[in-house]
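Protein chains: 2
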Amino acid sequence: MAAQKDEPSLWERLERPAPAPRQTLSPERIATAAVGVADAEGIEAITMRRLATELGVAPMAAYRYVSGKDDLLQLMVDHVYTELEPPEEGTGWREALRLIALRTRELMLRHLWLAQLPPSAVLALTPNRTATTERCLRALDGLGLDPDTMMTMVTTLHSYTLGATGAEIAMRQVMVGHGWTSEQEVYKSMARQLRHLLDTGRYPVFKRYIYEGRCKNDPDWQFETGLQYVLDGIAARVAVP
Amino acid sequence: MAAQKDEPSLWERLERPAPAPRQTLSPERIATAAVGVADAEGIEAITMRRLATELGVAPMAAYRYVSGKDDLLQLMVDHVYTELEPPEEGTGWREALRLIALRTRELMLRHLWLAQLPPSAVLALTPNRTATTERCLRALDGLGLDPDTMMTMVTTLHSYTLGATGAEIAMRQVMVGHGWTSEQEVYKSMARQLRHLLDTGRYPVFKRYIYEGRCKNDPDWQFETGLQYVLDGIAARVAVP
DNA sequence: TTAGTGCGGATACAACGTACACACCGATGT
DNA sequence: ACATCGGTGTGTACGTTGTATCCGCACTAA
Numbered sequence: 014m015a016a017q018k019d020e021p022s023l024w025e026r027l028e029r030p031a032p033a034p035r036q037t038l039s040p041e042r043i044a045t046a047a048v049g050v051a052d053a054e055g056i057e058a059i060t061m062r063r064l065a066t067e068l069g070v071a072p073m074a075a076y077r078y079v080s081g082k083d084d085l086l087q088l089m090v091d092h093v094y095t096e097l098e099p100p101e102e103g104t105g106w107r108e109a110l111r112l113i114a115l116r117t118r119e120l121m122l123r124h125l126w127l128a129q130l131p132p133s134a135v136l137a138l139t140p141n142r143t144a145t146t147e148r149c150l151r152a153l154d155g156l157g158l159d160p161d162t163m164m165t166m167v168t169t170l171h172s173y174t175l176g177a178t179g180a181e182i183a184m185r186q187v188m189v190g191h192g193w194t195s196e197q198e199v200y201k202s203m204a205r206q207l208r209h210l211l212d213t214g215r216y217p218v219f220k221r222y223i224y225e226g227r228c229k230n231d232p233d234w235q236f237e238t239g240l241q242y243v244l245d246g247i248a249a250r251v252a253v254p
Numbered sequence: 014m015a016a017q018k019d020e021p022s023l024w025e026r027l028e029r030p031a032p033a034p035r036q037t038l039s040p041e042r043i044a045t046a047a048v049g050v051a052d053a054e055g056i057e058a059i060t061m062r063r064l065a066t067e068l069g070v071a072p073m074a075a076y077r078y079v080s081g082k083d084d085l086l087q088l089m090v091d092h093v094y095t096e097l098e099p100p101e102e103g104t105g106w107r108e109a110l111r112l113i114a115l116r117t118r119e120l121m122l123r124h125l126w127l128a129q130l131p132p133s134a135v136l137a138l139t140p141n142r143t144a145t146t147e148r149c150l151r152a153l154d155g156l157g158l159d160p161d162t163m164m165t166m167v168t169t170l171h172s173y174t175l176g177a178t179g180a181e182i183a184m185r186q187v188m189v190g191h192g193w194t195s196e197q198e199v200y201k202s203m204a205r206q207l208r209h210l211l212d213t214g215r216y217p218v219f220k221r222y223i224y225e226g227r228c229k230n231d232p233d234w235q236f237e238t239g240l241q242y243v244l245d246g247i248a249a250r251v252a253v254p
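Residue numbers (my numbering), protein chains in the order written: chain A, 14 to 254; chain B, 14 to 254.
Below, the structure written as structure tokens:
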């Protein structure tokens with residue numbers, strides 16, 4: 014009775030289930046498991062230990078493949094970017110850029126944690142991400158623009174997409190964090206603090222938007238409208254090379 | 014000798030320095046200290062314990078004023094937004110929006126941690142932040158636009174600013190994280206992995222930019238050029254109300 | 001058969017956020 | 001003058017995190 018729960022010795026060890034066929038881990042398996050956890054429970058659930066239990070493995074096991082948490086996140090990013098389907102070759106530059114922006118947003122909404130990456134993963138030059146940049150640049154190629162201008166256009170579009178979707182995701186995160194299920198509920202819960210803010214009288218135009226705006230709750234429309242502005246601005250520069 | 018380092022008893026307690034005049038803490042003092050730490054050492058240095066030592070106070074003391082780390086971050090955000098000087102009243106809408114975007118970028122570059130806030134703080138409706146939004150809206154007021162359109166324009170601009178500056182900051186963070194001091198050093202250190210990427214031949218246009226681009230290292234020019242595009246796009250919509 | 005190589009396990013540590021109970025100070029009611 | 005009390009900061013403690021380090025095992029090549 015003494016050693017029952019302490020040291021598993023000999024007999025217990027002899028009937029251990031399976032000697033575990035080696036090569037249980039691989040970068041792909043790690044990435045898939047991590048993405049699954051992050052999708053389901055948010056990026057704060059991504060823990061080296063949690064990942065280990067998910068893989069049915071000791072806490073330190075994954076360190077054979079990734080040098081730390083930052084590496085893991087880069088692996089995850091590249092993994093999900095395989096989902097981003099590039100627009101058909103030959104599509105016009107504006108439509109191509111528009112599609113990539115929309116699909117990037119959809120990708121981020123499918124994987125909310127993409128909006129909360131640490132700096133090291135934000136600009137990581139992973140193969141699949143670079144492929145997307147390349148596709149954008151190719152859309153603008155042959156229009157007589159110099160490389161710098163082309164890149165600025167792509168970066169501008171990407172910045173808008175990241176910023177807008179990031180804000181949208183932050184909103185969602187706050188919602189799930191509080192257990193709210195509709196934006197109506199969010200506004201109701203924020204009503205007190207919002208009213209307090211508005212009643213100071215410091216924000217008259219903002220107040221008018223809150224009371225008269227009609228599209229507050231349509232993120233799709235908001236994103237696409239902003240996207241129009243950005244593409245219009247780029248188009249103006251494309252037209253005058 | 015026995016109790017020397019253990020229990021400060023009676024005599025030691027009797028000669029305690031000062032009975033500490035109460036009200037040592039205040040939201041302002043807390044915010045200032047926290048911002049100081051975050052500016053100097055990055056957001057990951059913001060720790061309830063670190064903040065406490067900075068204030069010369071016990072680890073749990075600040076919890077009287079902020080309900081947790083999230084609260085603290087919101088306090089910090091509102092604190093630094095006092096630095097954002099609104100453009101002179103009466104400035105034209107385009108110049109006003111441009112100035113706000115530029116100053117927001119400068120603010121973020123002064124406080125790099127603004128780019129790494131958790132969702133709860135990203136969209137926090139703090140007084141000073143809302144004041145900036147109000148100023149933007151006011152710039153567009155009286156042009157015959159409906160509230161939804163005005164807000165989309167402001168949000169678009171803000172999304173671009175956030176996204177672009179966020180990427181710029183991520184780059185800086187990676188640099189300081191590795192102890193690099195110039196972008197040249199970054200590119201040199203990334204050269205191997207960059208060359209590996211480019212040598213796959215999958216990214217010909219991107220490669221051309223890397224080798225022929227001239228403005229890679231001028232973040233100011235990049236930001237302002239993108240800003241032009243966005244404002245041009247908005248202007249097109251303003252002209253056709 | 002034996003040595004070697006590399007995968008995964010086990011243990012350990014410092015640092016984190018924060019719950020909880022308590023000691024102290026100054027103001028207040030009597 | 002004295003007891004009472006609420007608000008402020010203290011002390012201690014717990015569970016969880018990222019990761020360093022060492023070790024034992026199961027294959028492979030000789």
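C-beta: ideal position from N, C-alpha, C; glycine also.
| query | result |
| --- | --- |
| Proximity test, Cβ basis, 8 Å: glycine 81 of chain B and chain A | no |
| Amino acids of chain A, ordered along the chain, whose beta-carbon sits closer than 7 Å to that of valine 50 of chain B | Result: empty, since nearest Cβ-Cβ is about 18 Å, beyond 7 Å. |
| Segment limits, alpha helix (DSSP H) that includes arginine 77 of chain A | Segment: none, arginine 77 of chain A is in no alpha helix (DSSP H) and carries neither H nor E. |
| Separation of glycine 69 of chain A from aspartate 84 of chain A, as counted between CA atoms | 20 Å |
| Nearest residue (CA-CA) to methionine 100 of chain A, options A:Ala47, A:Tyr173 and A:Arg151 | For the sequence presented, residue 100 of chain A should be read as proline rather than methionine. Out of A:Ala47, A:Tyr173 and A:Arg151, A:Arg151 has the C-alpha closest to the C-alpha of proline 100 of chain A. |
| Residues that valine 253 of chain B contacts on chain A, provided the C-beta gap is smaller than 9 Å | Within chain A, no residue comes near valine 253 of chain B; the closest Cβ sits about 11 Å away, beyond 9 Å. |
| Residues near leucine 38 of chain B in its chain [Cβ-Cβ closer than 8 Å; skip 5 each side] | Leu68, Val70, Ala74, Ala75, Arg77 and Tyr78 |
| Cβ-Cβ distance between valine 48 of chain B and proline 132 of chain A below 8 Å | no |
| Closer than 8 Å to chain B by CB, tyrosine 255 of chain A | No answer is possible for residue 255 of chain A: the residues shown for chain A start at 14 and end at 254. |
| Methionine 121 of chain B beta carbon less than 8 Å from that of alanine 128 of chain B | yes |
| Unbroken alpha helix (DSSP H) run spanning glycine 239 of chain B, endpoints | 232-252 |
| Extent of the continuous alpha helix (DSSP H) to which aspartate 161 of chain B belongs | 160-191 |
| Rounded C-alpha distance that separates alanine 169 of chain B from asparagine 141 of chain A | Here residue 169 of chain B is threonine; the residue named in the question, alanine, does not match the sequence. Cα to Cα, the separation comes out at about 27 Å. |
| Extent of the continuous alpha helix (DSSP H) to which glutamate 225 of chain B belongs | 217-225 |
| Same chain, Cβ closer than 7 Å to arginine 118 of chain A, neighbours up to 5 away in sequence not counted | Thr174, Thr178 and Phe236 |
| Threonine 146 of chain B, DSSP secondary structure in three states | helix |
| Partner residues on chain B for alanine 244 of chain A, Cβ-Cβ distance less than 8 Å | A quick correction: the sequence has leucine, not alanine, at residue 244 of chain A. Under the 8 Å cutoff, chain B gives Gly246. |
| Through-space distance from threonine 143 of chain A to leucine 156 of chain A, alpha-carbon basis | 21 Å |
| CB contact check: aspartate 154 of chain A to chain B, cutoff 8 Å | yes |
| 4-residue-minimum alpha helix (DSSP H) runs that sit fully inside the stretch 49-76 of chain A, ordered along the chain | 61-68 |
| Contact list for the stretch 59-70 of chain B against chain A, Cβ threshold 9 Å | none |
| Host alpha helix (DSSP H) of serine 133 of chain A (start-end) | 132-135 |
| Interface flag, tyrosine 216 of chain A vs chain B, CB-CB below 8 Å | yes |
| Delimiting residues of the alpha helix (DSSP H) encompassing alanine 114 of chain B | 106-123 |
| Same chain only: Cβ atoms within 7 Å of glutamate 41 of chain A, ignoring 5 sequence neighbours per side | none |
| Residues of its chain near alanine 109 of chain A, where Cβ-Cβ distance is below 6 Å and the 5 sequence neighbours each way are ignored | Pro100 and Ala152 |
| Whether arginine 62 of chain B touches valine 50 of chain B by CB criterion (8 Å) | no |
| With 16 other Cβ atoms within 10 Å as the buried cut-off, status of alanine 80 of chain B | Inspection of the sequence shows that residue 80 of chain B is occupied by serine rather than by alanine. Result: exposed. |
| Cβ pair leucine 210 of chain B, leucine 138 of chain A closer than 8 Å | yes |
| Minimum C-alpha distance to cysteine 149 of chain A - residue among A:Thr45, A:Met164, A:Leu136 and A:Asp231 | A:Met164 |
| Nearest-angstrom Cα separation, counted from isoleucine 59 of chain A out to proline 32 of chain A | Reliability of the predicted coordinates at proline 32 of chain A is poor, the pLDDT of 40 falling under 50, and no value is obtained from them. |
| Proximal residues of chain A, C-beta to C-beta of glycine 103 of chain B below 9 Å | Under the 9 Å cutoff, chain A gives no residues; its nearest Cβ is about 15 Å from glycine 103 of chain B. |
| Amino acids of chain B, ordered along the chain, whose beta-carbon sits closer than 8 Å to that of threonine 169 of chain A | Tyr173, Ala177, Thr238, Gly239, Tyr242 and Val243 |
| Spatial distance of alanine 263 of chain B from tyrosine 224 of chain B (CA atoms) | Since the first residue shown for chain B is 14 and the last is 254, residue 263 of chain B is missing from the structure and cannot be characterised. |
| Residue-level contact to chain B via CB, tyrosine 222 of chain A, 8 Å cutoff | yes |
| Below-8 Å beta-carbon distance, glycine 226 of chain B vs any chain A residue | yes |
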